[in-house]
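Enquirer: Protein chains in written order, with the working numbering: chain Y, 1 to 160; chain F, 1 to 353.
1. Residue 124 (chain Y) touches chain F at which residues, Cβ-Cβ below 8 angstroms?
2. Per DSSP, which one or two residues make a beta bridge with residue 308 (chain F)?
3. Quick check: the region 37-44 of chain Y against the region 75-89 of chain Y, are there 3 or more CB pairs under 8 angstroms?
4. Is it buried or exposed, residue 90 (chain F), if we count other Cβ atoms within 10 angstroms and call 16 or more buried?
5. At the level of alpha carbons, what is the spacing between residue 123 (chain Y) and residue 130 (chain Y)?
6. Is the beta carbon of residue 181 (chain F) less than 8 angstroms from the beta carbon of residue 122 (chain F)?
7. CB-CB under 7 angstroms to residue 67 (chain Y), same chain, minus the five flanking residues each way: which ones, in chain order?
8. Mind listing the chain F neighbours of residue 84 (chain Y)? Cutoff is C-beta to C-beta under 8 angstroms, in chain order.
9. Throw me the rounded Cβ distance for the residue 340 (chain F) and residue 200 (chain F) pair, which I believe falls under 8 angstroms.
10. Pick out whichever of F:171, F:112, F:173 and F:98 has its Cα sitting closest to the Cα of residue 120 (chain F).
11. Which first and last residues belong to the beta strand (DSSP E) in which residue 62 (chain Y) is found?
12. If you draw a straight line from the alpha carbon of residue 360 (chain F) to that of residue 23 (chain F), how long is it in whole angstroms?
13. May I have the straight-line CA-CA distance separating residue 36 (chain F) from residue 113 (chain F), to the nearest angstrom?
14. Contact defined as beta carbons within less than 8 angstroms: I believe residue 166 (chain F) pairs with residue 141 (chain F). What is the distance between those atoms, to the nearest angstrom?
15. Is residue 149 (chain Y) buried or exposed, if buried means 16 or more other CB atoms sit within 10 Å of its CB?
16. Below 7 angstroms, is the gap between the Cβ of residue 128 (chain Y) and the nearest heavy atom of the ligand ZN?
17. Comparing alpha-carbon positions, which option in F:296, F:196, F:208 and F:308 lies nearest residue 95 (chain F)?
18. Is residue 128 (chain Y) helix, strand or coil by DSSP?
19. Tell me residue 116 (chain F)'s beta-bridge partners as DSSP assigns them.
20. What whole-angstrom Cβ distance do residue 21 (chain F) and residue 28 (chain Y) have, given they're in contact under 8 angstroms?
21. For residue 156 (chain Y), go through chain F and note every residue whose CB falls closer than 9 angstroms to its CB, in chain order.
22. Is there a Cβ of chain Y sitting closer than 8 angstroms to that of residue 46 (chain F), yes or no?
23. Which word fits residue 44 (chain F), buried or exposed, when buried means at least 16 other C-beta atoms lie within 10 angstroms of its C-beta?
24. May I ask which residues mark the beginning and end of the alpha helix (DSSP H) holding residue 180 (chain F)?
25. Closest Cβ-Cβ distance between residue 101 (chain Y) and chain F: below 8 angstroms?
26. Under a three-way DSSP split, which group does residue 35 (chain Y) fall into?
27. Looking at the structure shown, is residue 27 (chain Y) part of a helix, part of a strand, or coil, going by DSSP?
28. Determine which residues share a DSSP beta bridge with residue 303 (chain F) and list them.
29. Given a cut-off of 8 angstroms on the beta-carbon distance, is the pair residue 152 (chain Y) and residue 104 (chain Y) in contact?
30. Rounded to whole angstroms, what's the CA-CA distance from residue 31 (chain Y) to residue 94 (chain Y)? Just pull it up for me.
31. What is the DSSP secondary structure of residue 340 (chain F), counted as helix, strand or coil?
32. In or out: residue 82 (chain Y) buried (at least 16 other Cβ within 10 Å) or exposed?
33. Quick check: is the beta carbon of residue 76 (chain Y) nearer than 8 angstroms to any beta carbon in chain F?
34. With DSSP collapsed to three states, give me the class of residue 101 (chain Y).
35. Leaving aside the five residues before and after residue 207 (chain F) along the sequence, list all residues of the same chain whose C-beta is less than 6 angstroms from its C-beta, in chain order.
36. Could you please give me the residues that DSSP links to residue 91 (chain F) through a beta bridge?
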């Protein structure tokens, strides 16, 4: 989780390669929590690096740029994909060997509205503070708080 | 389920899912500067495939270019689709003027055709989707080839002579079927792109026939050897070296034989093999160089069948060949070939599968 928030390289000069090496795996995992499928998460992550590569000269904080870009790409993908495709992404790539309770939670997450799934992943997987999520999503702090609250309520409703 | 339970289950689920998400990160920094790396999805996908390619323009400047190739094409009838899925080997419909086929091969990683006009080389590679290659190349364009977005790159590592500079165009012919044209020497992008348009996809059967008709062997995927077969045997010096055997016979009805192929010191580490000749020719082929060989001892079940001294192949004078007929086709399994130096010391041993 710290790698999701952390800076790519502390002691060496930050290069695109070093950022790629450090951030690729955590970003794929974060994207998977949102879109469900590893394959799609990998595609979106690599797409984020495409954007980073193009903007490298004007990006001060590659880690933040990647986070924002990845979340935007996830949102775009979910917007373009049909509801069926979105569910299929979860169903086809369901993690193997999860305990029943966690598997139920994963399935419940797949049925949450996208906006709730995003904020929940950022808050409880990436461990980002609400204020940072608001910056990342370019929305107000109150919106983030209410979405987290409603997302948890929805999840609780499904699980109950 | 109360609020605390939900948060607890959620965080545990995220942790478990993250742990169940294996991600392979290509470490481009540790790769040799001229290696080509592509990262492909590990499973078939109808989604646009994303390729990552490293870029190294100079020793100190490592760039990573991550490029996207999107398969295109409208909906097709089922029958056409089924037919298309069998066409999974790339060949050239029209061979460029002045070029001739120098080798053809198949491995678990790729199908490879190599053409040469004597000064330049052109490779047509159909990679397996699961193949992982990573490369340092500078993207110079993103053209459309055969209706697909393609990546045009040039390899420009430092201190490489012009004849070794590689120009490459690659695209995803269909999901799971990446195709790459790689030219070494001086290539204009347009020239390579024109050839790319002439790529023809063929079926498994046609590919196997192509291999048979061109007299080259097929690689046993279990050996995991890269299968670029080269009948021209470049770089052969005066000193003869042994190439250990690749297995696999494409021929039927031919008496089993063992062939030994020796090449010069210059070919050390370069995997190549002799060709499958007409009926009666050897059906075991030889791979990488180890040491000079004086003789080859063939045995079965501990009994020596023959000891042969390699002789020059009249077809390829720089290669020395030895072959020996085995007594019984059904007993070829377990036949052992031992390669001995001038002092009679066994350098290398190999056996028929």
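Idealized CB from N, CA, C, for every residue including glycine. Since the model is a prediction, treat every value here as computed from it, not as a measurement.
Expert: Looking at the atomic coordinates:
1. The count along the first chain starts at 1 and reaches residue 124 (chain Y) at position 124. Those are 7, 10, 11 and 14, listed as they occur along chain F.
2. In the second chain, the residue the question calls residue 308 (chain F) occupies position 308. DSSP output for residue 308 (chain F) lists F:296 as bridge partner(s).
3. Contact check between the region 37-44 of chain Y and the region 75-89 of chain Y: three or more CB pairs, one atom from each, fall below 8 angstroms, which counts as touching.
4. Reading the second chain from its first residue, position 90 is the one you call residue 90 (chain F). Around the beta carbon of residue 90 (chain F), 16 or more other beta carbons lie within 10 angstroms, which makes this residue buried.
5. Translated into the one-based positions of the first chain, residue 123 (chain Y) becomes position 123. Translated into the one-based positions of the first chain, residue 130 (chain Y) becomes position 130. Computed Cα separation, rounded: 7 angstroms.
6. For the purposes of this step, residue 181 (chain F) is taken as residue 181 along the second chain, with counting starting at 1. For the purposes of this step, residue 122 (chain F) is taken as residue 122 along the second chain, with counting starting at 1. Yes, they are a contact pair.
7. Taking the first residue of the first chain as 1, we reach residue 67 (chain Y) at position 67. Hits under 7 angstroms: 136.
8. The residue you call residue 84 (chain Y) lines up with position 84 of the first chain. Ordered by position in chain F, no residue passes the 8 angstroms Cβ test against residue 84 (chain Y), which lies about 14 angstroms from the chain.
9. As a position in the second chain, residue 340 (chain F) is number 340, starting the count at 1. As a position in the second chain, residue 200 (chain F) is number 200, starting the count at 1. Incorrect: roughly 47 angstroms between the Cβ atoms, too far for contact.
10. Translated into the one-based positions of the second chain, residue 120 (chain F) becomes position 120. With distances taken between Cα atoms, residue 120 (chain F) lies closest to F:98.
11. Your numbering for residue 62 (chain Y) matches position 62 in the first chain. Careful: residue 62 (chain Y) lies outside any beta strand (DSSP E), inside the alpha helix (DSSP H) at 62-80.
12. No statement about residue 360 (chain F) is possible, as the shown extent of chain F runs from 1 to 353 and does not include it.
13. One-based indexing of the second chain puts residue 36 (chain F) at position 36. One-based indexing of the second chain puts residue 113 (chain F) at position 113. Since pLDDT at residue 36 (chain F) reaches only 31, below the 50 mark, its modelled position is unreliable, and the value read off the structure follows with that caveat. Approximately 17 angstroms, taken between the alpha carbons.
14. As a working mapping, residue 166 (chain F) is identified with position 166 in the second chain. As a working mapping, residue 141 (chain F) is identified with position 141 in the second chain. Going by Cβ atoms, the distance from residue 166 (chain F) to residue 141 (chain F) rounds to 15 angstroms, so no, they are not a contact pair.
15. Locating residue 149 (chain Y) in the first chain gives position 149, where the first residue counts as 1. Counting the other CB atoms within 10 Å of its CB gives residue 149 (chain Y) a total below 16, which places it among the exposed residues.
16. Absence of the ligand ZN is noted for the structure shown, with no ligands found whatsoever.
17. In the second chain, residue 95 (chain F) corresponds to position 95, counting from 1. That would be F:196, whose Cα lies nearest to the Cα of residue 95 (chain F).
18. As a position in the first chain, residue 128 (chain Y) is number 128, starting the count at 1. Secondary structure of residue 128 (chain Y) (DSSP, three-state): coil.
19. For the purposes of this step, residue 116 (chain F) is taken as the residue at position 116 of the second chain. Answer is F:100 and F:121, bridged to residue 116 (chain F).
20. Your numbering for residue 21 (chain F) matches position 21 in the second chain. Your numbering for residue 28 (chain Y) matches position 28 in the first chain. About 7 angstroms separates the beta carbons of residue 21 (chain F) and residue 28 (chain Y), which is inside the 8 angstroms limit, making them a contact pair.
21. Start at 1 with the first residue of the first chain, and residue 156 (chain Y) comes out as number 156. What residue 156 (chain Y) touches in chain F: 1, 2, 3, 5 and 6.
22. Numbered from 1 along the second chain, position 46 holds the residue referred to as residue 46 (chain F). Low confidence applies to residue 46 (chain F): its pLDDT is 28, below 50, so where it sits in the model is not reliable, and the reading given next is rough at best. No, residue 46 (chain F) does not count as interfacial toward chain Y.
23. Your numbering for residue 44 (chain F) matches position 44 in the second chain. Here residue 44 (chain F) scores only 29 on pLDDT, less than 50, and its place in the model should not be relied on; the value that follows carries that caveat. That one is exposed.
24. Along the second chain, one-based indexing puts residue 180 (chain F) at 180. Note, residue 180 (chain F): premise wrong, no alpha helix (DSSP H); beta strand (DSSP E) at 177-184.
25. Position 101 of the first chain holds residue 101 (chain Y). Yes, residue 101 (chain Y) counts as interfacial toward chain F.
26. Residue mapping note: residue 35 (chain Y) aligns to position 35 of the first chain, counting from 1. Helix at residue 35 (chain Y).
27. Here residue 27 (chain Y) corresponds to residue number 27 of the first chain, with the count starting at 1. DSSP places residue 27 (chain Y) in helix when its eight states are reduced to three.
28. Mapped onto the second chain, residue 303 (chain F) falls at position 303. Note: residue 303 (chain F) sits in a beta bridge opposite F:300.
29. Counting from one through the first chain, the residue named residue 152 (chain Y) turns up at place 152. Counting from one through the first chain, the residue named residue 104 (chain Y) turns up at place 104. Not closer than 8 angstroms, so no.
30. Against the first chain, residue 31 (chain Y) aligns to sequence position 31. Against the first chain, residue 94 (chain Y) aligns to sequence position 94. Their backbone Cα atoms lie some 14 angstroms apart in a straight line.
31. Position 340 of the second chain, counted from the start, is the residue given in the question as residue 340 (chain F). Three-state result, residue 340 (chain F): strand.
32. Numbered from 1 along the first chain, position 82 holds the residue referred to as residue 82 (chain Y). Here residue 82 (chain Y) is exposed: its Cβ has fewer than 16 other Cβ atoms, across all protein chains shown, within 10 Å.
33. Counted from its first residue, the first chain places residue 76 (chain Y) at position 76. Taking a beta-carbon distance threshold of 8 angstroms, residue 76 (chain Y) does not count as an interface residue toward chain F.
34. Taking the first chain and counting its residues from 1, the one referred to as residue 101 (chain Y) is at position 101. The answer is helix: DSSP assigns residue 101 (chain Y) an H, G or I state.
35. Counting from one through the second chain, the residue named residue 207 (chain F) turns up at place 207. Within its own chain, the residues whose Cβ lies closer than 6 angstroms to the Cβ of residue 207 (chain F), once the five positions on either side in sequence are excluded, are 89, listed in chain order.
36. Taking the second chain and counting its residues from 1, the one referred to as residue 91 (chain F) is at position 91. The bridge partners DSSP lists for residue 91 (chain F) are F:200.
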